[in-house]
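These notes concern the structure reproduced below.
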Amino acid sequence: MRRAGKTTFLHQLRSERHKLHPPERAVYISFDDDRLMDLPAGQLSQLLEEYYRRYPELRGKETVFWYLDEIQLVNGWERFVRRVLDSERVEVAVSGSSARLLSREIHTSLRGRSVETVIRPFSFREFLRHRGEEPAMSVERLTANERSLIEKRFREYLQEGGFPEAQGLPGSSRTELLQGYVDTVLFRDILERYRITQVSALRWLVRQCLRNPAGAISVHRLYKDLRSQGHGVSKDALHAMFAHLSDAFLISAVPLSTDSERKRNSNPRKIYPVDPALIHAFDVTGRANEGHALETVVLGELERRKAEVGYVKSTSGFEVDFHARFLDGKDELIQVCADLSSAQIRERELRALREASHEHPRALKRVLLLDHEQAIQMQQLEVSVQTVYEWLKRFLSFFFPQRVIVA
Numbered sequence: 208m209r210r211a212g213k214t215t216f217l218h219q220l221r222s223e224r225h226k227l228h229p230p231e232r233a234v235y236i237s238f239d240d241d242r243l244m245d246l247p248a249g250q251l252s253q254l255l256e257e258y259y260r261r262y263p264e265l266r267g268k269e270t271v272f273w274y275l276d277e278i279q280l281v282n283g284w285e286r287f288v289r290r291v292l293d294s295e296r297v298e299v300a301v302s303g304s305s306a307r308l309l310s311r312e313i314h315t316s317l318r319g320r321s322v323e324t325v326i327r328p329f330s331f332r333e334f335l336r337h338r339g340e341e342p343a344m345s346v347e348r349l350t351a352n353e354r355s356l357i358e359k360r361f362r363e364y365l366q367e368g369g370f371p372e373a374q375g376l377p378g379s380s381r382t383e384l385l386q387g388y389v390d391t392v393l394f395r396d397i398l399e400r401y402r403i404t405q406v407s408a409l410r411w412l413v414r415q416c417l418r419n420p421a422g423a424i425s426v427h428r429l430y431k432d433l434r435s436q437g438h439g440v441s442k443d444a445l446h447a448m449f450a451h452l453s454d455a456f457l458i459s460a461v462p463l464s465t466d467s468e469r470k471r472n473s474n475p476r477k478i479y480p481v482d483p484a485l486i487h488a489f490d491v492t493g494r495a496n497e498g499h500a501l502e503t504v505v506l507g508e509l510e511r512r513k514a515e516v517g518y519v520k521s522t523s524g525f526e527v528d529f530h531a532r533f534l535d536g537k538d539e540l541i542q543v544c545a546d547l548s549s550a551q552i553r554e555r556e557l558r559a560l561r562e563a564s565h566e567h568p569r570a571l572k573r574v575l576l577l578d579h580e581q582a583i584q585m586q587q588l589e590v591s592v593q594t595v596y597e598w599l600k601r602f603l604s605f606f607f608p609q610r611v612i613v614a
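Mapping of the sequence shown onto my numbering: residues 208 to 614, in sequence order.
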């Protein structure tokens, strides 16, 4: 997602090089610059040759560090990078607002010489660190006052989200900023790049996704809705639009958790924004659902941990928000709830976990809540119960303020 901090991260890398080497050996180029718009990959060599015309004494003798920002705007860039790595004394860091930078084809073309770092909006830990309020100890050891501050900050995080430039802004300014981010993604990363002409249909689709977070989206239903409004858009075009929105990191689409590819593809996917603040920025009811923001935060952390995530629907129709399979082979059934004070809601959510565990018997059953007092009251249950912010503290969310590949 744009504006998450990847350009800042590249400049931080470059600044570290400046401490050890002359500044001319660290070169930054942004392909988002309008002067480089539609640059063909064949002309990338001209940038390299122009550099060595200026500094011929460095060629073949000193390592030069190249920082190429928004490189996905140049089709075929990976062949250039591979050739330069093979023929010159260089290190290359590339960044882009596209999931294609993580594709198997790119890693294959770079012959296993790449290391990736995913740059997302701030996690809750990074949100606290940005304010200078990250606890030095575990949540369990906090005093009552310290815990109250963390709870207050977490509720603020659900509203403000993690985009660096949105921190501390009043609500109206933050909404304007975030809506501007989304417009930039639509026009720069999707409409211009893929030459999409159905602008109104795409904008409608984005509003549907961001105004109905955690909702199950059916392309067939959306197709019928669009047709009824006079939009001449095909189902294939809708599928492509969803793929473009995911590729630009604006949304995440969570499938049904099943080993059957047919079932996974035939069932709706649950759509989440990349950041909880986008829920409030696009809400038109004035009653943005805290539970949906909580789910968005949990999904973001699961994706940081590179978990394979799906949702579960039991044979009785009850739903578990997430089934997460982690890299260590463990898996968890996770139910995220803003408020379980109602006995009826509590029984429904717990029944969903119990029924889902029949299909996933090895999975740890977990309930994540907003309120600490409710978590204490539910400790006697057969499931693991925590507040979301306590669960988040389990993870070491390192501060890498989109996708960056260092090759």
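Backbone N, C-alpha and C define an ideal beta-carbon position, used for all residues, glycine too.
Straight across, the Cα-Cα distance linking leucine 255 with leucine 335 is about 41 Å. In the three-state reduction of the DSSP assignment, glycine 249 falls in the helix class.
Across the set Glu341, Arg573, Ser380, the C-alpha of Arg573 shows the shortest separation from the C-alpha of arginine 561. The C-alpha of leucine 509 is placed about 16 Å away from the C-alpha of leucine 457. Here serine 407 carries a helix assignment [DSSP, helix/strand/coil].
DSSP places arginine 476 in the uninterrupted beta strand (DSSP E) bounded by 476-480.
If the five residues before and after glycine 422 are omitted, its C-beta is found closer than 8 Å to the C-beta atoms of Lys477, Ile478, all from its own chain and listed in chain order. Tryptophan 273 is bridged by DSSP to Val234, Val299.
Taking every protein chain shown into account, the CB of alanine 343 has fewer than 16 other CB atoms within 10 angstroms, so this residue is exposed. Runs of the alpha helix (DSSP H) spanning 4 or more residues and lying entirely within the region 320-390 occur at 331-337, 351-367, in chain order.
Ranking Arg395, Leu365, Phe394 by CA distance to the CA of arginine 381 puts Leu365 first. For glycine 422, the pairing in a beta bridge is given by DSSP as Ile478. In the DSSP annotation of this structure, the continuous segment of the alpha helix (DSSP H) that includes valine 504 starts and ends at 497-511. Counting the other Cβ atoms within 10 Å of the Cβ of leucine 452 gives 16 or more, which makes it buried. Membership of tyrosine 596 in any beta strand (DSSP E) is not indicated; the residue belongs instead to the alpha helix (DSSP H) covering 595-599. DSSP places leucine 540 in the uninterrupted beta strand (DSSP E) bounded by 538-544. Beta-bridge annotation (DSSP): leucine 576 is paired with Cys544, Thr594. Within the same chain, Cβ atoms closer than 6 Å to the Cβ of glutamate 497 are found at Ala545, the five residues on either side in sequence being excluded.
Less than 7 Å separates the beta-carbon of alanine 484 from that of glycine 368. For valine 519, the closest of Arg224, Leu599, Thr465 by C-alpha to C-alpha distance is Thr465.
In the three-state reduction of the DSSP assignment, histidine 530 falls in the strand class. Residue burial is scored here from C-beta neighbours: lysine 600 has at least 16 other C-beta atoms within 10 angstroms and is therefore classed as buried. DSSP places leucine 317 in the coil class of the three-state scheme, outside both helix and strand.
Taking all protein chains shown into account, threonine 215 has fewer than 16 neighbouring C-beta atoms within 10 Å of its C-beta and is therefore exposed.
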